[in-house]
Amino acid sequence: MKIAPVFVIVGALLLVAAPTAQAGYVGSGADPAGDAVTGNASHDIRGVAMAYDPDRGELRAQVRLAGTPDPAAEAELNVFAGRRGPTGCSAYPAIGFSSLVAGRGSTGVRLNGGSVAPITVSSSKDGTGDAVQEFRATAPIFRRLAPDCVIATTFALGNAAAVYDTAGSYAVRGVAGLEVQLGKAPSALRPGQTRTIRVTLRNPGHAATGRIRLSVPKARGMTARIARRVGSIAAGKQRTLSLRVRLSSRAKTTTELRVKATAPKKLAGRAETTLRLRKPSSEGGGGGGGSGGPKLCYRYTWYPPYGELRPC
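So for the sequence shown, our numbering puts the first residue at 374; every next one is plus one.
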């Protein structure tokens with residue numbers, strides 16, 4: 374199995390979207406059918422997609438072929454994510470996978486360019502024998518990169534220069550994140566008392582969030598005031614807001630305060646805390662035993678005044 378020495382592999386969108394859970398970067402593209410030089414459908418790439426988490430060093434890629442792999446016409450398949458250079462998606466470092474089209478297994482690869490030898494790690498391959506194949510690897514050598522393109526190629530066994538088809542390069546974009554955190558809530562609120570709770574919005578992702586909308590679901594006896602719209606938060610940044618909350622005497626003893634934030638591209642984050650209402654205790658009355666006071670009973674005595682009210 375050979376690894377193409379130059380990071381130039383061209384054009385495809387997977388008709389099956391690459392998983393984006395926990396992804397910091399994603400990219401995909403489609404490639405026309407029937408453009409493989411061999412005319413073999415198993416050499417013809419129709420689509421490519423990738424998802425990458427730079428914090429965990431996890432890379433996932435999918436490649437869709439025009440037909441099911443043909444063991445009698447075996448070929449090699451490379452799919453890489455890297456950086457754009459003067460000649461396209463050709464700058465290093467680049468990370469990706471090398472595999473046989475019809476064979477089992479794959480190898481995770483980091484290309485550093487120049488005279489530096491490729492670094493390989495174990496990886497998994499799903500879809501052996503199918504037109505859609507998925508590759509996955511998590512490794513320290515894959516961490517903390519910022520790819521902006523993805524590219525795939527099929528080529529002859531042992532000869533990376535004999536290219537059958539290329540798909541790409543396609544743009545890889547950063548994915549924003551959105552997290553909500555509530556500051557410490559007061560231990561208890563008196564009816565009508567207003568307290569301020571800090572709300573922190575964080576973007577742990579790799580792109581700006583876009584404009585954010587905030588909402589606080591209603592609850593009986595609770596009044597909450599907070600900015601309903603917040604400007605975009607840049608990648609890796611955060612913003613702090615103030616939430617003013619008040620409980621009336623109509624509120625329950627415990628009330629769930631929930632804050633939800635949403636942004637474009639289905640970004641969402643939420644946080645919640647419990648508010649407690651401190652209801653005033655009723656004060657007892659005098660000699661007749663008022664409501665809320667101690668229960669009194671009439672007791673006879675052997676000395677004047679021969680009777681009195683005492684706690685039961």
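All C-beta atoms, glycine included, are put in the ideal place defined by N, C-alpha and C.
**Prompt:** Among GLY458, ILE524, GLY486, PHE515, which one has its Cα closest to the Cα of ARG437?
**Reply:** ILE524
**Prompt:** How would you label LEU551, buried or exposed, when you count the other beta carbons within 10 angstroms and need 16 or more for buried?
**Reply:** buried
**Message:** Does GLU621 come out as helix, strand or coil in the three-state DSSP assignment?
**Reply:** According to the sequence shown, residue 621 is Ser rather than Glu. It is coil, neither helix nor strand.
**Asked** So LEU620 packs on LEU648, CB below 8 Å; how close in whole Å?
**Response** 6 Å
**Prompt:** Under the rule that 16 or more other beta-carbon atoms within 10 Å means buried, what is ASP499, buried or exposed?
**Reply:** exposed
**Request:** Mind checking which residues open and close the beta strand (DSSP E) that includes THR527?
**Result:** In the DSSP assignment, THR527 falls within the unbroken beta strand (DSSP E) covering 522–529.
**Asked** What is the DSSP secondary structure of PRO466, counted as helix, strand or coil?
**Response** Of the three classes helix, strand and coil, the one that applies to PRO466 here is strand, per DSSP.
**Message:** Which of the three DSSP states is assigned to ALA592 in this structure?
**Reply:** coil
**Asked** Do THR460 and ARG477 have their C-beta atoms closer together than 8 Å?
**Response** no
**Message:** By alpha-carbon positions, which one of ASN576, SER560, PRO564, VAL536 ends up nearest to GLN554?
**Reply:** Per the Cα distances, ASN576.
**Message:** The beta strand (DSSP E) that contains GLU447, what's its start and end?
**Reply:** No beta strand (DSSP E) contains GLU447, which DSSP labels as neither H nor E.
**Message:** For a test of the three-state rule: what should DSSP assign to ILE514, helix, strand or coil?
**Reply:** It is helical.
**Asked** Where do the ends of the beta strand (DSSP E) carrying GLY400 lie?
**Response** 398–403
**Prompt:** DSSP state of ALA641, grouped into three classes?
**Reply:** strand
**Prompt:** With DSSP run on the structure shown, which of helix, strand or coil describes SER655?
**Reply:** Note that SER655 scores a pLDDT of 48, beneath 50, so its modelled location is shaky; the value from the coordinates is reported in the next line. Residue state, collapsed to three classes: coil.
**Asked** For the candidate residues SER472, ILE468, ALA406, whose alpha-carbon lies nearest to that of LEU432?
**Response** The residue with the shortest Cα to Cα distance from LEU432 is ILE468.
**Item:** Other residues of its chain near VAL474: CB distance less than 6 Å, five sequence neighbours each side excluded
**Value:** Correct list, in chain order: SER415, PRO442, ALA448, LEU450.
**Asked** Using a Cβ-Cβ cut-off of 7 Å (strictly less than) and excluding sequence neighbours within five positions of ALA396, which residues of its own chain qualify?
**Response** ALA424, TYR425, ASP426, VAL548
**Prompt:** So what's ALA504 in DSSP terms, helix, strand or just coil?
**Reply:** coil
**Request:** For ASP499, write down the residues that DSSP places opposite it in a beta bridge.
**Result:** GLU507
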